[in-house]
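Q:
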Amino acid sequence: MDTTIEEILARGLSPQDCSKALNDLGKRFSEQNDIDSAIACWEKSMECYGKPGFAQAQLMKVYNQKQRESARSGDSQGIEAYAQKIDGLMQKSKDAIRYGY
């Protein structure tokens with residue numbers, strides 16, 4: 033894990049503040065085209081806060097992008113891995129609607 037992510041987690045922030053800090057860091061990584069680091073930030077953000085929002089939307093975009101790249105390169109394992117990640121995000125959205133969080 034990136035040391036900057038670890039530093040944010042070590043601050044003892046509230047779940048919402050931790051999520052915001054991780055989302056901001058992920059956005060900076062994304063702007064620098066460091067998509068794997070951005071994914072790590074947004075996945076940790078989801079773990080911290082868990083509610084649908086910015087991190088989930090960004091993850092959906094990059095997972096779809098990664099799945100398309102896997103398809104273009106013929107990487108069937110990558111296609112399946114990102115399909116499962118997308119399905120997981122969709123399930124979280126359904127649960128949020130169903131259970132109201």
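Residue numbers (the numbering used here): 33 to 133.
Note that beta-carbon positions come from the ideal geometry of N, C-alpha and C, so glycine has one too.
Taking only three categories from DSSP, how would you classify Leu107?
A: Looking at the sequence itself, residue 107 is Asp, so the reference to Leu does not match. Here Asp107 sits in coil by DSSP.
Q: Please give me, in chain order, every unbroken run of the alpha helix (DSSP H) with length at least 4 that falls completely inside the segment 52 to 84.
A: Correct list: 67 to 81.
Q: What separation, rounded to the nearest whole angstrom, lies between the Cα atoms of Ala128 and Met92?
A: Between Ala128 and Met92, the C-alpha separation is close to 16 Å.
Q: Since Ala53 and Ile40 are thought to touch, with beta carbons under 8 Å apart, how far apart are those beta carbons, to the nearest angstrom?
A: Correct: roughly 5 Å between the Cβ atoms.
Q: Taking the straight line between their C-alpha atoms, what separation do you get for Trp74 and Asn55?
A: Those two C-alpha atoms are separated by around 6 Å.
Q: Taking the straight line between their C-alpha atoms, what separation do you get for Glu101 and Gly132?
A: In a straight line, the C-alpha of Glu101 is about 34 Å away from that of Gly132.
Q: Decide if Met122 is buried, meaning its Cβ has at least 16 other Cβ atoms within 10 Å, or exposed.
A: Per the 10 Å Cβ criterion, exposed.
Q: CB-CB under 8 Å to Asn96, same chain, minus the five flanking residues each way: which ones, in chain order?
A: The residues are Tyr114, Ile118.
Q: Taking C-beta to C-beta, are Cys80 and Ser51 nearer than 7 Å?
A: Contact: yes.
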